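See structure below.
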Amino acid sequence: MFQIITDACCDLPANLLDKYKVTYIPMFIELEGKEYTDDLGKTFDDNWFLAQLKENKHPNTSQINVGRYIEFLEPYAKNSIPVLYISFSSGLSGSYESSLNAIKLIKEKYPNFVATSLDTKTASLGQGMLVMEAVRLQKAGKTLEETVQWLEKNKMHLRSWFTVDDLKHLVHGGRVSKTQAAIGGLLNIKPILNVDENGQLQNVDKVHGRKKALQRMVDETVTGVDLSLVNHFYVAYSGDEKALDKVIQQLKQLFPKTPVTYYPLGPTISSHTGYGCIAVFSMGSR
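Numbers 0 to 285, taken from numbering that gives the first Met the number 0, label the letters of the sequence shown in order.
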C-alpha cells in the first residue's frame, strides 16, 4: 500500500481527504503582515477571508520550500512507506520542483525510499480531481506504478475553465495590466481563462457581462468533453453562489446523469482570483 499526499491547492475539503486517508501539506498566506494557514477548511475561516477579498485586499502566497517537504515526507521514508505526491502545477508555482529536490535529498539518507512527485499541470479542483482518481485506483487495487501511469496518461486530458468577476486580483498577480482592468471595469468585460498544456493560466478571450462569461465557460467545458475518462464535473467558486447555481444547472441540463461536485476555492487559489471566481473542471478529448 502506498500513501497518497497532496497540497492545499487541491481545494478538496480536509474532512474528505481524511475520509480517504489522503494526507496534505498546508499552504501559507500573508495578509496585512499576518500569516495564515490554508489547511483546507480545518481551522481556516473561509467566510472571513471572502470578506477580505470583497474589500479588495490582496493576500500574498508562498510556495512550499524544500525544508517543509523534507519535514513532511521523511517520516514516510523512515517507516518504508511508498509515497505518491500529487502536486500543484509547476507552471504556477515552484513547489513541484522543491518536492523533487526534497525527495532527492531524503533518498541520500534513505536510499530505498519509494516516492513519486506528480506534476498535475493544473490547480484547484483539477488537481483535486486527479487526487480523487488516485484514490479510486488505489481502492481498486492498483499499484503505485499503475496509478502514476494512469495519472500521467490522462492529466493532459483535464480541462480547466475559469472566469472572474473582478479584474483587480489578476492585476495584482500580473495577469492583466492596470489599464486593461480599468477599461474592462468600465465596459463590464469578463475574462475567459484556462490552464494550458504547460500548466500555466492563460487569457483565452473576453466577453461582455457576467451572464455571457458563465455561458461561455459552460460551452467551452462541454465542447469535446470525454466522460468515458472521468464521468464527473467539478466546480470551484469563491463566493457568488448564484453564479455557481447557474453553472451547475446548465451542466445538469446538458448531462443529467453526470455528477457535479462543487467546493469553495481555497484561500491560496482565491488570493489570485478574487471574489466571484467560478472554475469548471472536466476531462476532454484533447
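Using N, Cα and C, we set each Cβ at its ideal position, and we do this for glycine too.
In this text, all values refer to a predicted model and were calculated from it rather than measured experimentally.
Please determine, among the options, the residue with the shortest C-alpha to C-alpha distance to residue i.
| i | options | result |
| --- | --- | --- |
| residue 298 | 163, 103, 78 and 15 | Nothing can be reported for residue 298, as the shown portion of the chain is limited to 0 through 285. |
| residue 25 | 83, 104, 107 and 8 | 8 |
| residue 116 | 110, 3, 127 and 165 | 3 |
| residue 66 | 104, 190 and 243 | 104 |
According to DSSP, is residue i part of a helix, a strand, or is it coil?
| i | result |
| --- | --- |
| residue 189 | strand |
| residue 145 | helix |
| residue 222 | coil |
| residue 79 | coil |
| residue 37 | strand |
| residue 233 | strand |
Buried or exposed: where does residue i fall if 16 or more other Cβ atoms within 10 Å of its Cβ makes it buried?
| i | result |
| --- | --- |
| residue 132 | buried |
| residue 193 | buried |
| residue 139 | exposed |
| residue 160 | buried |
| residue 174 | In this predicted model, residue 174 has a pLDDT of only 49, less than 50, meaning its place in the structure is not dependable enough to derive any value. |
| residue 126 | buried |
| residue 151 | exposed |
Terminal residues of the continuous alpha helix (DSSP H) containing residue i?
| i | result |
| --- | --- |
| residue 133 | 123-138 |
| residue 271 | 266-272 |
| residue 239 | Careful: residue 239 lies outside any alpha helix (DSSP H) and carries neither H nor E. |
| residue 24 | Where residue 24 is concerned, there is no enclosing alpha helix (DSSP H), although the beta strand (DSSP E) it sits in stretches over 22-24. |
| residue 95 | 94-108 |
| residue 48 | 45-53 |
Can you tell me where the beta strand (DSSP E) holding residue i begins and where it ends?
| i | result |
| --- | --- |
| residue 205 | 200-207 |
| residue 117 | 114-118 |
| residue 262 | 259-263 |
| residue 7 | That residue, residue 7, is in no beta strand (DSSP E); it is neither H nor E in DSSP. |
| residue 157 | 157-162 |
Return yes when at least one heavy atom of the ligand GTP lies under 7 Å from the C-beta of residue i, else no.
| i | result |
| --- | --- |
| residue 64 | In the structure on display, the ligand GTP does not appear, and there are no ligands present to speak of. |
Using a Cβ distance threshold of 8 Å, determine whether the region 76-96 contacts the region 46-57, with at least three qualifying pairs required.
no
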